[in-house]
Amino acid sequence: MIDAQCAESAWGKAATAFSRTSRTNTRPPRLPNGLSEGAESRNTLLAALPEQDFAALRPALEPVVLRRRQVLHERHVPVAHVYFIERGTAALLCRAAGRESAEVGALGRGDLAGVSAVLGTARAPYRCVVQVPGEALRIAAEDLRRVMVGRPALRSLLLAHVQTRLVESAQLMLCNTHHSLDERLARSLLRALDDLDGDEIPLTHRALSQSLSVRRAGVTTALGEMEAAGLIQRGRGRLTVLDRGGLERVACECHRIIRTERRRLVCETVADQDGMWCVGTGLPANSPRTSAPRPGIAHWPVM
């Protein structure tokens with residue numbers, strides 16, 4: 001059984017890289033054909049990779065800006081690029097005939113857009129649209145598949161990510177069926193907060209209503225009640241979380257279950273590859289990217 005220390009270790013690798021990269025707003029110079037030499041990633045999947053696997057990907061990774069409403073891939077269209085999100089959020093959308101699109105999944109800095117490329121199925125089942133602007137590392141789908149062939153650690157980690165998406169999808173189906181709007185809205189806000197820097201969430205009432213598949217008026221009423229309780233403060237096109245602990249008490253257990261499962265799967269996968277772990281440091285013993293304790297571990301939310 002994987003214990004809590006192991007979980008902290010695996011996610012600590014990702015948080016370390018995130019903290020180290022986010023200390024400055026200036027992006028290091030890029031190589032002509034990929035990510036700059038020595039650069040790390042704020043995406044927790046890439047940050048958890050062994051150094052040799054990340055180095056194999058680095059020449060093909062391209063830093064890109066994510067714009068609001070930008071389409072990362074279309075439904076039933078071959079996936080040309082995979083996006084490892086570093087900052088911002090994206091939504092997976094499905095549409096029924098004659099109706100508005102409904103959100104069937106949310107992506108953040110622990111995710112990649114274009115999972116069909118990982119599975120080798122080419123065509124995406126959903127449309128993926130940026131909700132909150134940010135940055136990502138983009139790689140051609142064929143380049144990712146090529147590197148995966150000789151990199152079992154990379155393949156295992158990406159397949160573990162696919163499983164977390166399946167778990168999240170099933171949990172959200174249960175959530176939408178059995179939990180109240182207030183609980184689901186709080187869960188959605190916490191999910192967005194996990195993927196952003198700070199306490200501000202630049203989402204409109206319309207975007208939130210789409211993600212929860214409810215009327216906009218219902219979201220507006222629920223947000224008003226949260227604001228009256230001192231949990232959030234609303235602004236034009238954005239809101240600020242004032243009391244995360246209070247929001248967690250309102251939310252259903254689904255946010256905790258999904259986040260715990262994400263950590264468990266990454267922990268198990270990274271532990272299988274790294275083998276030995278440094279007791280007391282929260283870091284793998286044989287990873288050159290995380291060979292000493294760093295303060296960045298504290299930046300990842302701890303359950």
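All residue numbers for the sequence shown refer to UniProt numbering, where the first residue is 1 and numbers rise by one.
We put the beta carbon where it would ideally sit given N, CA and C, even for glycine.
Since we're looking at a predicted model, the values are computed, not measured.
Assuming contact is defined by CB atoms lying nearer than 7 Å, are residue i and residue j in contact in what I supplied?
{"i": "VAL79", "j": "HIS73", "result": "yes"}
{"i": "LEU265", "j": "GLN163", "result": "yes"}
{"i": "VAL219", "j": "ILE232", "result": "no"}
{"i": "ALA122", "j": "GLU183", "result": "no"}
{"i": "ILE139", "j": "LEU107", "result": "no"}
{"i": "ARG165", "j": "CYS254", "result": "no"}
{"i": "ARG109", "j": "ASP197", "result": "no"}
{"i": "VAL147", "j": "LEU57", "result": "yes"}
{"i": "VAL129", "j": "VAL82", "result": "no"}
{"i": "THR269", "j": "SER180", "result": "no"}
{"i": "SER211", "j": "GLU103", "result": "yes"}
{"i": "ALA141", "j": "ALA117", "result": "yes"}
{"i": "ARG191", "j": "ARG206", "result": "no"}
{"i": "LEU45", "j": "HIS161", "result": "yes"}
{"i": "LEU185", "j": "ALA222", "result": "yes"}
{"i": "ASP143", "j": "ALA60", "result": "yes"}
Name the DSSP beta bridge partners of residue i, please?
{"i": "TRP232", "result": "Residue identity differs from the one stated: residue 232 is Ile in this sequence, not Trp. ILE232 pairs with VAL241."}
{"i": "CYS128", "result": "HIS73 and LEU92"}
{"i": "ALA102", "result": "CYS94"}
{"i": "GLU135", "result": "VAL65 and ARG87"}
{"i": "ALA200", "result": "According to the sequence as given, residue 200 is Glu; it is not Ala. DSSP lists THR240 as partners of GLU200."}
{"i": "HIS81", "result": "ALA140"}
{"i": "ALA113", "result": "TYR83"}
{"i": "LEU107", "result": "ALA90"}
At what residues does the beta strand (DSSP E) containing residue i begin and finish?
{"i": "THR121", "result": "THR121 -> no beta strand (DSSP E), and no H or E assigned at all."}
Less than 7 Å between CB atoms is the rule here; does residue i satisfy it with respect to chain B?
{"i": "LEU57", "result": "Of the protein chains in this structure there is only one, and it is not chain B."}
Using 8 Å for Cβ pairs, my map puts residue i next to residue j. What's the rounded Cβ distance?
{"i": "VAL132", "j": "GLY105", "result": "At roughly 15 Å, the Cβ-Cβ gap does not stay under 8 Å, so VAL132 and GLY105 are not in contact."}
{"i": "GLU225", "j": "ARG234", "result": "Rounded, the Cβ-Cβ distance is 11 Å, inconsistent with contact."}
{"i": "ARG151", "j": "ASP53", "result": "5 Å"}
{"i": "LEU93", "j": "ARG127", "result": "5 Å"}
{"i": "GLU261", "j": "VAL167", "result": "5 Å"}
{"i": "LEU189", "j": "ARG238", "result": "12 Å between Cβ atoms; not a contact."}
{"i": "LEU137", "j": "GLU62", "result": "7 Å"}
{"i": "ARG75", "j": "ALA113", "result": "That pair is no contact at about 13 Å."}
Terminal residues of the continuous alpha helix (DSSP H) containing residue i?
{"i": "LEU49", "result": "No alpha helix (DSSP H) holds LEU49; DSSP gives it neither H nor E."}
{"i": "ARG206", "result": "205-212"}
{"i": "ALA186", "result": "181-194"}
Quiz item: Fully enclosed by the stretch 139-168, which beta strand (DSSP E) runs are 3 residues long or longer?
Solution: none
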